[in-house]
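Below is one structure, written out as structure tokens; comments come after it.
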Amino acid sequence: MSTKRNRSFSSSRVAFYALTLSMLTACGGQSGKMGDDEFTVQEVVSTSSNQVTKYPATIKGLQDIEIRPQVSGFIVKLCVDEGATVHKGQALFQIDPTQYQAAFDQAKAGVESAKANLKTVTETEANKKMLHEQKIISDFEYQTAVNNLLTAKANLAQAEASYTAAKQNLGFCTVTSPSDGVIGTFPYRIGALVSASISEPLTTVSQIGDMYVYFSLTEKELLALTKAGGTLKEQLEKMPEVQLELSDGSIYAEKGKIDAVSGVIDQTTGSVSMRATFPNKQNILRSGGMANVIFPYTMENVLLVPQSATVDIQDKKFVYVLQPDSTVKYTEIQISNLNDGKNYIVLDGLKSGDKIAVEGVTRLNDGMKITPITAAQKEAKYQQALKDQREGNIASAFN
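Residue numbers for the sequence shown follow our numbering, so the first one is 60 and each next one is one higher.
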């Protein structure tokens with residue numbers, strides 16, 4: 060009978076402690092206060108803040124080279140596939156070389172014929188010269204031989220020029236890559252008739268070892284970055300490295316450097332074009348892609364307030380400022396567009412040294428009197444209450 064009564068008492072005691080713990084936890088986490096009128100306050104002080112802002116950007120290769128044919132003909136072979144990585148001089152397309160091979164062979168034969176004729180005329184001129192010196196032939200007959208020699212030399216030069224052009228046209232039947240890069244799409248396939256005047260290029264070769272990322276800043280933002288003075292080159296060198304947020308939301312591993320600023324402000328948008336260069340060793344970035352440039356800002360001597368300490372009313376921000384008589388004043392603040400997701404940068408409405416309520420602000424009213432405590436005091440009281448509960452000091456755990 061006694062054993063049963065002790066077990067019942069123990070079970071009741073455990074249940075009581077469990078209820079006590081839940082009540083204590085509820086009190087400790089209730090709107091950031093330990094007592095009915097106790098609210099955590101924080102002093103606002105000047106500090107530095109690292110902020111970032113994002114700008115929509117377009118990714119381009121160092122060069123996007125349009126590949127166009129220089130001779131007319133039917134495409135008979137595709138030497139690479141779309142999206143392939145190619146090297147300078149690598150064959151991309153083959154245009155039917157039949158007519159150009161015939162022209163080349165004809166021009167080559169013309170050169171051989173001109174060379175043979177020149178040899179004959181040269182020997183004739185030498186013989187005529189000897190006869191002329193011996194007064195055997197007239198001046199006219201010798202001059203005719205000299206003119207024939209000059210004509211033969213000119214014919215050879217003309218034949219060699221035709222040969223060079225024919226050889227070049229035959230070479231143009233194999234369309235090669237002008238640089239290392241990545242191949243774009245193919246609007247023309249085998250059997251298509253192409254020429255130098257086609258509307259679309261055969262393809263595009265993009266150099267992607269490094270990539271250009273273009274974005275825009277407003278004129279005001281640019282002035283803020285460059286107002287320190289110095290040459291444009293010096294200003295660019297002082298600009299911080301930027302990061303790239305890809306279309307899937309991930310951050311590109313390599314950082315980029317701003318290396319060019321447009322010299323003209325777009326009067327339509329009031330913005331100026333900026334260019335950053337990013338390494339692309341893994342070929343992750345592709346020309347034509349979209350991303351966001353993440354631009355870092357370090358702001359000195361600014362006032363930060365926790366976002367949780369503010370109250371939003373009609374797109375305005377308010378905080379409760381502690382007064383000397385321990386009342387709180389409902390105060391509007393102006394904030395910067397930049398924030399780190401946890402704190403707001405205050406531009407107006409507060410000064411260094413002001414104290415604001417940082418927890419439980421939804422339970423406050425303008426002019427309400429409170430007992431201010433610091434975050435450290437709040438934590439200390441909470442830990443003491445937990446200790447009292449563990450030690451069985453239930454009465455003091457709620458004080």
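Virtual Cβ for every residue (Gly too), placed ideally from N, Cα, C.
* Asked: Which two residues bound the contiguous alpha helix (DSSP H) that contains residue 313?
  -> On the sequence shown, residue 313 is found 254 positions in, with the first residue counted as 1. No alpha helix (DSSP H) holds residue 313; DSSP gives it neither H nor E.
* By Cβ distance, which residues of its chain are closer than 7 Å to residue 321, with the 5 residues on each side in sequence left out? -> Taking the sequence shown and counting its residues from 1, the one referred to as residue 321 is at position 262. So the qualifying residues of the chain are 331, 332.
* Report the option in 306, 136, 173 whose CA atom is closest to the CA atom of residue 347. => The sequence position of residue 347 within the sequence shown is 288, counting from 1. Nearest of 306, 136, 173 to residue 347, Cα basis: 306.
* Apart from the five residues just before and just after residue 362, which ones in its own chain have a Cβ nearer than 6 Å to its Cβ? -> Position 303 of the sequence shown, counted from the start, is the residue given in the question as residue 362. So the qualifying residues of the chain are 103, 405, 409.
* Asked: Given 8 Å as the limit, is there contact between the segment 428-447 and the segment 110-119, that is, 3 or more CB pairs closer than that?
  -> Contact between the segment 428-447 and the segment 110-119 is absent: fewer than three C-beta pairs spanning the two stretches fall below 8 Å.
* Check whether the segment 335-347 touches the segment 363-380, counting contact only when three or more Cβ pairs, one atom from each stretch, lie closer than 8 Å. => Verdict: no, contact absent.
* Asked: I think residue 263 touches residue 123, with their Cβ atoms under 8 Å apart; what is that distance to the nearest whole Å?
  -> As a working note, residue 263 is residue 204 in the sequence shown. As a working note, residue 123 is residue 64 in the sequence shown. Distance from residue 263 to residue 123 at the Cβ level is roughly 6 Å; contact confirmed, criterion being Cβ atoms closer than 8 Å.
* Verify whether the separation of the beta carbon atoms of residue 365 and residue 98 is less than 8 Å. => In the sequence shown, counting from the first residue as 1, residue 365 sits at position 306. In the sequence shown, counting from the first residue as 1, residue 98 sits at position 39. In this structure, residue 98 does not lie closer than 8 Å to residue 365 by Cβ.
* Buried/exposed call for residue 166, threshold 16 Cβ in 10 Å -> Sequence index remark: in the sequence shown, residue 166 carries index 107 (1-based). It counts as buried.
* For residue 245, which residues from the same chain have a beta carbon less than 6 Å from its beta carbon, with the 5 sequence-adjacent residues on both sides left out? -> The residue you call residue 245 lines up with position 186 of the sequence shown. Within the same chain, 141, 262 come within 6 Å of residue 245 by CB-CB distance, once the 5 residues on both sides are set aside.
* Residues in its own chain within less than 8 Å of residue 105 by CB, not counting five upstream and five downstream? -> Stepping through the sequence shown from its first residue, residue 105 is reached at position 46. Same-chain partners within the cutoff: 360, 361, 362, 411.
* Check each candidate in 400, 392, 222 and name the one with the smallest Cα separation from residue 413. => For the purposes of this step, residue 413 is taken as residue 354 along the sequence shown, with counting starting at 1. Answer by Cα proximity: 392.
* Do the segment 158-174 and the segment 217-231 meet, that is, are 3 or more Cβ pairs less than 8 Å apart? -> yes
* Asked: Is the Cβ-Cβ distance between residue 231 and residue 301 less than 8 Å?
  -> Here the question's residue 231 lines up with position 172 in the sequence shown. Here the question's residue 301 lines up with position 242 in the sequence shown. Contact flag unset, no.
* Asked: When burial is assigned at 16 or more other CB atoms within 10 Å of the CB, is residue 91 buried or exposed?
  -> The count along the sequence shown starts at 1 and reaches residue 91 at position 32. Residue placement at residue 91 is flagged as unreliable, the pLDDT there being 40, under the threshold of 50; the coordinate-derived value follows with that caveat. Classification for residue 91: buried.
* Asked: Among 324, 247, 353, which residue has its Cα nearest to the Cα of residue 282?
  -> Translated into the one-based positions of the sequence shown, residue 282 becomes position 223. Of the candidates 324, 247, 353, the one whose C-alpha sits nearest the C-alpha of residue 282 is 324.
* To do: Would you mind stating whether residue 266 and residue 240 have Cβ atoms separated by less than 8 Å?
  => Walking along the sequence shown from the start, residue 266 turns up at place 207. Walking along the sequence shown from the start, residue 240 turns up at place 181. Result yes, Cβ atoms of residue 266 and residue 240 sit closer than 8 Å.
* Simplified DSSP state of residue 102, which is helix, strand or coil -> The sequence position of residue 102 within the sequence shown is 43, counting from 1. Of the three classes helix, strand and coil, the one that applies to residue 102 here is strand, per DSSP.
* Excluding the 5 residues preceding and the 5 following residue 163 in the sequence, name in chain order all residues of the same chain whose CB lies nearer than 7 Å to its CB. => If you number the sequence shown from 1, residue 163 lands on position 104. Correct list, in chain order: 225, 226, 229.
* For residue 363: DSSP bridge partner residues -> In the sequence shown, the residue the question calls residue 363 occupies position 304. Residue 363 pairs with 404.
* Please classify residue 120: does DSSP put it in a helix, a strand, or coil? => Here the question's residue 120 lines up with position 61 in the sequence shown. For residue 120, the three-state secondary structure derived from DSSP is strand.
* Neighbourhood of residue 69 by C-beta, 6 Å cutoff - its chain only, sequence neighbours within 5 removed -> For the purposes of this step, residue 69 is taken as the residue at position 10 of the sequence shown. Any reading at residue 69 must be qualified, since the residue scores a pLDDT of 43, below 50, and its modelled position is unreliable; no value is offered.
* Skipping 5 residues on each side, what residues in its chain have a beta carbon closer than 7 Å to that of residue 389? -> The sequence position of residue 389 within the sequence shown is 330, counting from 1. Cβ neighbours of residue 389 beyond the five flanking positions: 377, 379, 425.
* Asked: residue 275: buried (16+ other C-beta within 10 angstroms of its C-beta) or exposed?
  -> For the purposes of this step, residue 275 is taken as the residue at position 216 of the sequence shown. Buried: at least 16 other Cβ atoms inside 10 Å.
* Asked: For residue 194, which three-state DSSP category applies?
  -> Translated into positions along the sequence shown, residue 194 becomes position 135. It is coil, neither helix nor strand.
* Can residue 149 and residue 135 be called in contact, C-beta distance under 8 Å? -> Start at 1 with the first residue of the sequence shown, and residue 149 comes out as number 90. Start at 1 with the first residue of the sequence shown, and residue 135 comes out as number 76. Contact: no.
* C-alpha gap between residue 100 and residue 420, whole angstroms -> As a working note, residue 100 is residue 41 in the sequence shown. As a working note, residue 420 is residue 361 in the sequence shown. Roughly 10 Å between the two C-alpha positions.
* Express the C-alpha separation of residue 125 and residue 260 in angstroms, rounding to a whole number. => Indexing the sequence shown from 1 puts residue 260 at position 201. Indexing the sequence shown from 1 puts residue 125 at position 66. Going by the C-alpha atoms only, they are around 6 Å apart.
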